[in-house]
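Numbering (our numbering), first residue to last: 1 to 206. To start, the structure itself, in structure tokens.
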């Protein structure tokens, strides 16, 4: 298998031997407040990050709305949604700050929306690694895909990579994610983290 040497996000090559590509993770911590989201972009720039990343999902597509009003997960996800109307403004802000705007989609419609506004790469969350329908969809965008692998087995990672590659993804990078917050030192040094570079070599990916 021919090894893929790098991916290119915007104007940056991401691979061993090059400066680390730093992503400022916002996710959905903006509390549905535009001023907070805007401030995060400014802080990402000040911190020297290469990109700032949000999440895009609709609670109705992730959970059953019948649970609304019970102060449960559905209600939390509703308040954590990033409004689509923000993204043109976020993209403009990032352009002025000279950093990339990235976002993690959790469904095909959200992924297509992000593709249409011109994000330079697609980030797939660990929880969607086995969502082969979403993977095959984003693989057709002709953009780099960053795939988190937290909680996944080796076989699940291999299957996800095969789905992406077989559907046209030419630039793919794997991320190790222990999916435990806060992460203890022993988790950082455990065998899975040690084995991860071996998996990258096996799959010929950066």
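We treat Cβ as the ideally placed atom computed from N, Cα and C, and that holds for glycine.
From what residue to what residue does the beta strand (DSSP E) around residue 100 run? 100-105
Residues in its own chain within less than 7 Å of residue 111 by CB, not counting five upstream and five downstream? 105, 122, 134, 137, 138
Report the residue ranges of all alpha helix (DSSP H) runs contained in full by the region 43-87; include only those spanning at least 4 residues, in chain order. 59-62, 73-80
To the nearest angstrom, how far is it from the Cα of residue 101 to the Cα of residue 11? 13 Å
Do residue 150 and residue 179 have their C-beta atoms closer together than 8 Å? yes
Determine whether the beta carbon atoms of residue 24 and residue 14 lie at a separation below 8 Å. no
Within its chain, find whatever has a CB closer than 6 Å to the CB of residue 40; leave out the 5 residues flanking it on each side and keep chain order. 26
Can you have a look at residue 47 and say buried or exposed, based on whether 16 or more other CB atoms are within 10 angstroms of its CB? exposed
When we look at the beta-carbon of residue 144 and count the other beta-carbons within 10 Å, is it buried (16 or more) or exposed? buried
Run through the DSSP bridge pairs and tell me what residue 7 is partnered with. 14
Buried versus exposed, by CB contacts within 10 Å (16 or more), residue 36: exposed
Scan the region 123-152 and note each continuous beta strand (DSSP E) run of 3 residues or more that stays entirely inside, going in chain order. 145-148
Tell me whether the beta-carbon of residue 55 lies closer than 8 Å to the beta-carbon of residue 82. yes
Through-space distance from residue 164 to residue 129, alpha-carbon basis: 10 Å
From 45, 170, 148, residue whose alpha carbon lies closest to that of residue 131: 148
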